[in-house]
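All residue numbers for the sequence shown refer to the numbering used here, where the first residue is -17 and numbers rise by one. Below you'll find the structure, written out as structure tokens, and then a few comments.
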Amino acid sequence: MQEELNEFECLEVWELVPRPGNVMVITLKWIYKVKLDELVGILKNKARLVARGYRQEVGIDLEESFALVTRLEAIRIFLAFAAHMNMVVYQIDVKTAFLNGNLQKEVYVSQPDRFVDQDNPNHVYKLKKSFYGLKQAPRAWYDMLSSFLISQDFSKGSVDPTLFICRNRNDLLLVQIYVDDIIFAASTPELYELFAKIMFSKIKMSMMGKILFFLGLQIFQSPRGIFVNQSKYALESLKKYGFKSCDLVDTPMVEKSKLDEDEEGKVVDPSHYRGMIGTLLYLTASRHDLQFAICMCARSKHIDIRYHFIKEHVENGVIELYFVNTEYQLADIFTKALSRERIEFLINKLGMRSFMPETLKQFADEVEE
């Protein structure tokens, strides 16, 4: 706790002032958390001081709270491109990231419990930087980091504004931001050192080395490529919903199955069921063969609005669609329940390979040798 407060003083986050009249003072709260690694090992115990920002109102206490967040699909494309270019992906741990943002309006917070100034017990803190718990904190952090990277000759992605690119002749440096988590890939060791030096000059952080665990994805890098799996997430999900002792099957769903109502079935909590479906949907980040089964269980088909432009392009004649016979329809692997033979056939046609855990272990042993 004292270490957290020392960090506030170092970053000049606030200053103690007499309580002004007619202003809302936001109270603070201590949050305790155990930080784990990808193997569920304890990294460290953390104590974080946060503001009860739920009392803030947009338009009164702040102008804008929306912060850009990269999509999981963008992370997969980032990893795929890095593998294609034989680039190594690294991860950065930013310490107290939200304390680096700048506020556009004055914000006052109370003194934290157990650390009240004995000489000025009625004083409050006036924030000079953004603070954890404030609604505008994520946006303030993104704006600060974005402006800093652009000032260092980075360009922001035209499609994905959380992707920053730096080109130096034939060399390339890619940076992807997910709130306060940063991953980057450099084509040369010199660019890696340069980026680390630039970031150390602006914010307090630590280099975590090669990326191993990010947003629930377990990532393994080798000369053969970058391999992604969610085994830890899958096991935790099975344990959470009581399916850890179930039998294994070759495919996620029986072919041509039809789900009928179970007349004698027990009534389930809709929120609990939707939680199960949401958990499975996140698992499709690395298991696309689950898409059809999950869609059937959800009993609804959801198409994000970002896909609607394809229909408009077809109507305007920009894109022309052709009929593809079922025998050669490669997209069936993402939309239908298929036999193992059919899945393996389509995987081969897509230019992909399916690796068993034993094969991945063999790759890891080869790298260590």
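No residue lacks a Cβ here, since even glycine has one placed at the ideal position from N, Cα and C.
Beta carbon of residue i, beta carbon of residue j: below 9 Å?
| i | j | result |
| --- | --- | --- |
| residue 354 | residue 98 | Nothing about residue 354 can be reported from this structure: the residues present for the chain run from -17 to 351 only. |
| residue 85 | residue 109 | yes |
| residue 209 | residue 73 | no |
| residue 117 | residue 128 | no |
| residue 274 | residue 234 | yes |
| residue 365 | residue 213 | Residue 365 lies beyond the residue range present for the chain, which begins at -17 and ends at 351; the question has no answer from this structure. |
| residue 316 | residue 270 | yes |
| residue 158 | residue 48 | no |
| residue 29 | residue 88 | no |
| residue 152 | residue -2 | no |
| residue 204 | residue 348 | yes |
| residue 145 | residue 154 | no |
| residue 198 | residue 215 | yes |
| residue 236 | residue 119 | no |
Using C-beta distances below 8 Å, list every residue in its chain close to residue i, excluding the 5 sequence neighbours before and after it, in chain order.
| i | result |
| --- | --- |
| residue 1 | 7, 90, 104, 105, 106 |
| residue 305 | none |
| residue 292 | 301 |
| residue 188 | 74, 75, 77 |
| residue 217 | 226 |
| residue 140 | none |
Only counting the same chain, and skipping five residues up and downstream in sequence, which positions put a Cβ closer than 7 Å to that of residue i?
| i | result |
| --- | --- |
| residue 279 | 259 |
| residue 18 | 24, 25 |
| residue 331 | 312 |
| residue 143 | 50 |
| residue 126 | 82, 83, 84 |
| residue 324 | none |
| residue 340 | none |
Taking the alpha-carbon positions, what's the residue i to residue j distance?
| i | j | result |
| --- | --- | --- |
| residue 303 | residue 336 | 30 Å |
| residue 227 | residue -8 | 51 Å |
| residue 54 | residue 201 | 14 Å |
| residue 266 | residue 100 | 54 Å |
| residue 36 | residue 322 | 50 Å |
| residue 83 | residue 33 | 15 Å |
| residue 111 | residue -6 | 8 Å |
| residue 254 | residue 346 | 38 Å |
| residue 182 | residue 231 | 49 Å |
| residue 121 | residue 136 | 19 Å |
| residue 221 | residue 133 | 47 Å |
| residue 312 | residue 16 | 44 Å |
| residue 38 | residue 206 | 50 Å |
| residue 62 | residue 56 | 10 Å |
| residue 94 | residue -17 | 10 Å |
| residue 186 | residue 249 | 51 Å |
| residue 268 | residue 130 | 33 Å |
| residue 80 | residue 9 | 18 Å |
| residue 223 | residue 246 | 21 Å |
| residue 276 | residue 193 | 29 Å |
| residue 31 | residue 329 | 49 Å |
| residue 13 | residue 65 | 38 Å |
| residue 211 | residue 160 | 19 Å |
| residue 251 | residue 257 | 10 Å |
| residue 4 | residue 11 | 23 Å |
| residue -4 | residue 115 | 15 Å |
| residue 172 | residue 344 | 31 Å |
| residue 314 | residue 307 | 11 Å |
| residue 96 | residue 123 | 28 Å |
Excluding five sequence neighbours on each side, which residues of the same chain lie with their C-beta closer than 6 Å to the C-beta of residue i?
| i | result |
| --- | --- |
| residue 333 | none |
| residue -11 | 78 |
| residue 162 | 76, 79 |
| residue 295 | 301 |
| residue 174 | 168 |
| residue 362 | Residue 362 is absent from the model: the chain starts at -17 and stops at 351. |
| residue 184 | 130 |
| residue 27 | 16 |
Using DSSP's beta-bridge definition, name the partner residues of residue i.
| i | result |
| --- | --- |
| residue 207 | 204 |
| residue -15 | Answer is none; residue -15 lacks a bridge partner. |
| residue 273 | Residue 273 is not bridged to any residue. |
| residue 323 | None, per the DSSP bridge assignment. |
| residue 101 | Looking at the DSSP assignment, residue 101 forms no beta bridge with any residue, so it has no partner. |
| residue -2 | 107 |
| residue 137 | 147 |
| residue 188 | 75 |
| residue 12 | 31 |
| residue 157 | 146, 166 |
| residue 174 | DSSP, once it has assigned bridges, lists no residue as partnering residue 174. |
Do residue i and the ligand NAD come close, with the Cβ less than 8 Å from some heavy atom?
| i | result |
| --- | --- |
| residue -9 | Here there are no bound small molecules, and the ligand NAD is not part of this structure. |
Please decide whether residue i counts as near chain B, where near means a Cβ-Cβ distance under 9 Å.
| i | result |
| --- | --- |
| residue 187 | The structure shown contains no chain B; it holds only a single protein chain. |
The stretch 159 to 179 touching the stretch 62 to 78, judged by at least three CB pairs closer than 8 Å:
At 8 Å Cβ cutoff, the stretches touch.
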